[in-house]
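Residue numbers (our numbering): -4 to 417.
Beta carbons: idealized from backbone N, C-alpha and C, even for Gly.
Only one structure is covered here, and it is reproduced in the block below.
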């Protein structure tokens, strides 16, 4: 209940049998992270390949642009309609089934010889890539409460790496063997991960206690938002930080492809390697949450996010300023993101998939808002206006934190009581 996060966690974990299950070794956590990164990367592979895809399939520019749009629409639908199934189905079987279906969708994309076939395959790829969030919820359910933040942080670091390296990897592979090779390689890796996860994951994670029908399951996701103030607050933080994140990453290629840089697409894609520093923030933030420092972590990260736009504003005159800004921004976003997921899962571990899936819907809204606003604003007013937009999203998050940090429903208790095991 609001203001009583630890009590809810203890009651639910005792009821479901989740929590201190010794099944989650460091090797299994790393496997979760790799699987998450590989799955979510499929949403971003197409971005540096759009021109090549369009030429190959004789697609108009508007139709080519819909490739990314449909992929993200599919992902958003999957967050709401597929991820909650983790609360009523055997998560191991659900994950393996979604990965195998994802292999089929990737095969459709790789074999596409018409625009319609490509678009259907991309939409299905986005829909099924939400297995990432089912994996996060599963890892959180297996973790002992006292170490849940660390586990969520490590798994989220895989998501960070997957998102940021997807564009670089797809660009390099496409240069070597064509754009279809990207999706064939991903299908092969996904099939391998499905086999490994089928063999490694526990057959039961403390079987889900929910016996809801599908319609009730979806309605209960909305009910959770109506009932839990902490969930609404953290979802709003998620929307704002990913709006800022998307403001940068959806538009930074524009100034870098112009004077004074004139960087090729491969070099711009390599900028994602710098952003991988955000994976470090994910693991550190997880440990801070386990120590009960979620409020402080959130506040410091949001302040860092706002500050990151100062060096980013000097991108045109200094590449090193861009590097510093990218590192600060990614560190801040991932720290808040891990804190959000750790706190909301603790509200109702038996509804973990619904909580994380619902939260990630706001992530999608924020990402879409930032991308559309940033690219439009760059055309109208240039890079300075884009930085002002990103700073506005960031400062709004910091103001929200300042006004709500003493709220009674914000339990600064991601750290579980010692009696819970760990």
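Requested in this report: State the Cα-Cα distance for the pair residue 329 and residue 242, rounded to the nearest angstrom.
Outcome: 15 Å
Report task. Determine the extent of the alpha helix (DSSP H) in which residue 240 is found, giving its start and end residues. Result -> 224 to 244
Query raised in the report: CA-CA distance, residue 218 and residue 135?
Result: 22 Å
Query raised in the report: What number of angstroms, rounded off, separates the C-alpha of residue 284 from the C-alpha of residue 268?
Result: 26 Å
Requested in this report: Given a cut-off of 8 Å, decide if residue 65 and residue 124 are closer than it, judged by their beta-carbon atoms.
Outcome: no
Query raised in the report: Helix, strand or coil: how does DSSP classify residue 332 here?
Result: helix
Requested in this report: Determine the DSSP secondary structure at residue 256, reduced to helix, strand or coil.
Outcome: coil
Query - Unbroken alpha helix (DSSP H) run spanning residue 309, endpoints - result: Unbroken run through residue 309: none, as it is neither H nor E.
Query raised in the report: Which of helix, strand or coil does DSSP assign to residue 97?
Result: helix
Query raised in the report: Whose C-beta lies closer than 7 Å to the C-beta of residue 396 among residues of the same chain, with five residues either side of it excluded?
Result: 293, 294, 297
Query raised in the report: Would residue 379 pass as a contact of residue 308 if the rule is Cβ separation under 8 Å?
Result: yes
Query raised in the report: Can you name the start and end residues of the alpha helix (DSSP H) that residue 364 belongs to?
Result: 347 to 376
Report task. Could you check how far apart the C-beta atoms of residue 177 and residue 168 are, in whole angstroms? I think they sit under 8 Å. Result -> 5 Å
**Report entry** Host alpha helix (DSSP H) of residue 44 (start-end)
**Finding:** Element bounds for residue 44: n/a, residue is neither H nor E.
Query raised in the report: Since residue 286 is in the alpha helix (DSSP H), which residue starts that stretch and which ends it?
Result: Neither: residue 286 is in no alpha helix (DSSP H) and is coded neither H nor E.
Query raised in the report: Looking at the structure shown, is residue 125 part of a helix, part of a strand, or coil, going by DSSP?
Result: coil
Query raised in the report: Quick check: the region 66 to 84 against the region 348 to 355, are there 3 or more CB pairs under 8 Å?
Result: yes
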